[in-house]
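Data block below; observations after.
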Amino acid sequence: MAKKPTAPPIYVLNGPNLNLLGLREPEIYGRTTLEEIGKMVADRAKTHGLSVVFRQSNHEGQLVDWIQEARTKSAAILINGGAYSHTSLAIHDALRAVDVPVIEVHLSNPQAREEFRHHSRISPVAKGVIVGFGAQGYLLAVDAAASLVKRIGA
Ligand code: CA2
């Protein structure tokens, strides 16, 4: 019997300062480190028969390069753009050029914070947005991505 082809990985891209998770400001971002989130996300994806490429960068151009890579190599993109979510036209444009589903994730709820966090340049090019649930939000995003990928692949 022919083997079912494996889906390409979900790319999980993390923006500036998220490497500091768990080390500072736990009252806003929780105590889970980015490394722990990476493991949780990989485990959750596995339950859906999917794999994950999990990355973080403090550099806007690096994130743009990874989004371009994900255009052809991923089944979906989950992105926490950190502060670039509110400012980056380059990330907005890179995501616009992507055909796979894009899900925006934030640990905190930016709408409940300072006004400069209220606008996202990622939301208009995302299929959906998950905010305010801490590390759990990444798992909700994996579930959402898996159902989109299965629907597309079905
Ligand atoms: O809530 C989120 O996930 C954010 O993307 C986090 C960004 C912030 O600029 C966005 O408005 C919302 C900041 C990430 C910085 O993470 C830190 C973690 C620990 C200590 C310091 C910063």
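Per the working numbering, the very first residue in the sequence shown carries number 833; after that it's consecutive. We put the CB at the ideal spot given by N, CA and C, even for glycine.
### Query
From which residue to which residue does the beta strand (DSSP E) around G862 run?
Premise fails: G862 is in no beta strand (DSSP E) and is neither H nor E.
### Query
Between A977 and L910, which are expected to be in contact by the criterion C-beta below 8 angstroms, what is the C-beta distance as a whole number of angstroms?
Yes, A977 and L910 are in contact; Cβ-Cβ is about 6 angstroms, under 8 angstroms.
### Task
Mind checking who I935 pairs with in its DSSP beta bridge?
Answer is L910, G960, bridged to I935.
### Message
Report the CB separation of V885 from Y970 in whole angstroms; it is logged as a contact under 8 angstroms.
### Response
For V885 against Y970, the beta-carbon gap comes to about 14 angstroms, at or over 8 angstroms, which does not count as contact.
### Query
In or out: I954 buried (at least 16 other Cβ within 10 Å) or exposed?
Buried: at least 16 other Cβ atoms inside 10 Å.
### Query
Within this structure, are the beta carbons of K959 and V934 separated by less than 8 angstroms?
In this structure, V934 lies closer than 8 angstroms to K959 by Cβ.
### Query
Which whole-angstrom value describes the C-beta separation of V974 and R876, a residue pair presumed to lie in contact below a C-beta threshold of 8 angstroms?
Distance from V974 to R876 at the Cβ level is roughly 5 angstroms; contact confirmed, criterion being Cβ atoms closer than 8 angstroms.
### Message
Using a Cβ distance threshold of 8 angstroms, determine whether the segment 854–862 contacts the segment 892–905, with at least three qualifying pairs required.
### Response
No: the two stretches stay apart, fewer than three of their Cβ pairs being nearer than 8 angstroms.
#### Entry: Contact check, S810 vs I984, beta carbons under 8 angstroms
Any question about residue 810 goes unanswered here, given that the chain covers just 833 to 986.
### Query
Do A926 and Q900 have their C-beta atoms within less than 8 angstroms of each other?
Yes, the pair counts as a contact, with Cβ atoms nearer than the cut-off.
#### Entry: Straight-line Cα distance separating Q888 from F948
Rounded to the nearest angstrom, the two C-alpha atoms are 23 angstroms apart.
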